[in-house]
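Residue numbers (this note's numbering): 95 to 289. Written out below as structure tokens is the structure these notes cover.
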Ligand code: IMP
């Protein structure tokens, strides 16, 4: 079956395509002719993920899934959360976001944080959500050059390296997005005879 992944991020697409196998033909937003910016105006990660999937389904009538991710820091009452992409304002800058985060956490002993991803799948107008979470904490200085976003300051629980010090495969095996993708893949495979 053909499924749209509501993203234009080639890395994410490659990762999920490898997990899904040949039974599913994956298309990007551009692949279905969707070139507009999809609104992300809800105030939760789950809400934004649903909004993106709903946009594709209602405007293009294509089965699809959409993901949304946020970093939740306990000492900041869950911030940056749904604002993770634009924490330090426009234009989006990973460096400025990380700098602001470290500044806001200066002198705070509680460094607990988690990444949360919600994927919303819509097939024939029926919606299902899958969540992936990874617990960890925020370091006081960036470490590592791999990955993106907050990876250099996020150290997952049980590891002595940040996400930015791990290979893509290593990170995907334990990450928020990897876990949510695994649930999505298991769901699709369990139903693939129906599609
Ligand atoms: P998105 O919903 O995947 O676009 O993620 C929103 C924002 O969260 C991104 O702009 C990044 O700042 C941050 N983010 C998402 N996933 C990751 C990750 O795996 N590592 C580090 N930061 C991430």
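Every residue, glycine too, gets a C-beta built ideally from N, C-alpha and C. Quantities reported herein were computed from a predicted structural model and do not represent experimental measurements.
The Cβ atoms of residue 145 and residue 131 lie no closer than 8 Å to each other.
The C-beta of residue 208 has 16 or more other C-beta atoms within 10 Å across all chains shown, which makes the residue buried. With 5 Å as the limit between CB and the heavy atoms of ligand 1, the residues that fall short of it are 162, 163, 178, 179, 243, 244 and 245. Nearest neighbour of residue 129 by Cα position, chosen from 114, 116 and 149, turns out to be 149. If you draw a straight line from the Cα of residue 248 to the Cα of residue 256, it is about 5 Å long. Within the DSSP secondary-structure output, residue 139 pairs in no beta bridge. Taken through DSSP and simplified to helix, strand or coil, residue 247 comes out as helix. Of 167, 253 and 214, the smallest CA-CA separation from residue 195 is found for 167. DSSP places residue 150 in the helix class (H, G or I) of the three-state scheme.
With contacts defined by Cβ atoms closer than 8 Å, residue 158 and residue 99 form a contacting pair. The region 109-123 makes no contact with the region 179-195, as fewer than three CB pairs between them are under 8 Å. Within the model, the alpha-carbon separation for residue 272 versus residue 266 is close to 5 Å.
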